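The opening residue of the sequence shown carries number 1 in the numbering used here; numbering runs sequentially from there. Below is one structure, written out as structure tokens; the observations come after it.
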Amino acid sequence: MRDRLNLTLPAEMIGRINELAERKRLPRSAIVEAAVATFLSPDALDQREAAFTRRLDKLGRQMARVERDQRITADMLALFVRFWLTITPPLGKDAESAAQIKGRERFDGFILTLARQLQKGRSVLQEIPDDISEGT
């Protein structure tokens with residue numbers, strides 16, 4: 001026994017149903033019935049849940065990678081600053097000007113090297129293995 005159901009759908013969706021019905025040479029009601037059956041099927045629900053789970057797992061791994069890279073970047077910067085502050089001797093007034101010029105040259109070289117590496121799609125963080133154990 002079949003029951004009648006009247007419903008309203010967006011015009012775009014009705015257009016898509018009409019196109020599919022014409023292409024498959026099926027009545028529109030058969031297409032809508034198949035779509036509703038698929039949606040109500042427990043298998044379809046399991047498939048959607050599995051797809052969501054896979055996507056969430058992927059997002060979780062990506063987020064863990066971002067957190068790891070951010071931690072490494074902060075640690076690299078802190079280590080560099082500590083090292084630089086430890087080994088840099090105070091300068092006399094006469095050497096300060098030359099040191100500033102040399103510092104600008106080195107900074108420009110650093111920026112140029114960084115730009116080249118980014119253009120190649122490479123990252124210093126990619127050179128650090130994923131399996132480094134904590135505390136080593």
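Backbone N, C-alpha and C define an ideal beta-carbon position, used for all residues, glycine too. Remember, predicted model here, so these are calculated numbers, not experimental data.
Integer-rounded CB distance, given that A37 should sit under 8 Å from R28
R28 to A37, Cβ: 15 Å. No contact.
Cutting at 7 Å between CB atoms, please list the residues of its own chain near I167, excluding the five before and the five after it.
Here the chain covers residues 1 to 136 and nothing more, so residue 167 does not appear.
To test your reading of the DSSP string, which unbroken alpha helix (DSSP H) runs of 4 or more residues are found completely within the region 58 to 130?
Those alpha helix (DSSP H) runs which fall completely within the region 58 to 130 and span 4+ residues are 93 to 119.
Beta-carbon proximity of A78 to L91, cut-off 8 Å
no
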